[in-house]
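Numbering (the numbering used here), first residue to last: 22 to 153.
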């Protein structure tokens, strides 16, 4: 599971790493939050789509980052606070047992910028995925 999230973090860093590094070097804490215009970040998405192409071309690359089957047992997640009809609740999700097979058949699609603040993301599976 940690490998999967590490892999996802690498992809996210590739997309926005260069812009963030340039901004953070001269920004103070108060002005580090900026709106990103996806339509002007074409080089970032070109690089990210190149990574997607590499992943699709090398079937063994993805399997080195994702355990298949992915097994999670006795995992308590972060509490979720919410209010319903004026009553406050705290929900603590717990995964007793989760077994997912077929994750290595994941085939990411190219990322398409559909607007200044919208993206088209997707994935296909080249085989069966089973959740138990």
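Glycine is no exception: its CB is placed at the ideal position from the N, C-alpha and C atoms. Predicted model only: the values in this text are computed from it and were never measured.
Buried or exposed: residue i, going by 16 or more other Cβ atoms within 10 Å of its Cβ?
i, result
"residue 125", "buried"
"residue 65", "buried"
Within the same chain, show all residues whose beta-carbon is closer than 8 Å to that of residue i, passing over the 5 residues directly before and after it, in chain order.
i, result
"residue 73", "129, 130, 131, 132"
"residue 82", "75, 76"
Between residue i and residue j, what straight-line distance do the alpha-carbon atoms span, to the nearest angstrom?
i, j, result
"residue 56", "residue 62", "12 Å"
"residue 59", "residue 140", "8 Å"
"residue 90", "residue 68", "30 Å"
"residue 79", "residue 103", "43 Å"
"residue 84", "residue 153", "20 Å"
"residue 127", "residue 107", "42 Å"
Less than 6 Å between C-beta atoms, sequence neighbours within five positions excluded: which residues of the same chain meet that for residue i?
i, result
"residue 149", "123"
"residue 100", "111, 113"
Who does residue i pair with in a DSSP beta bridge?
i, result
"residue 136", "139"
"residue 120", "92"
Under 7 Å Cβ to Cβ from residue i, same chain only, skipping five residues before and after it: list those, please.
i, result
"residue 142", "132"
Query raised in the report: Can you find at least 3 beta carbon pairs, one from the region 134-142 and one from the region 103-123, that sit closer than 8 Å?
Result: no
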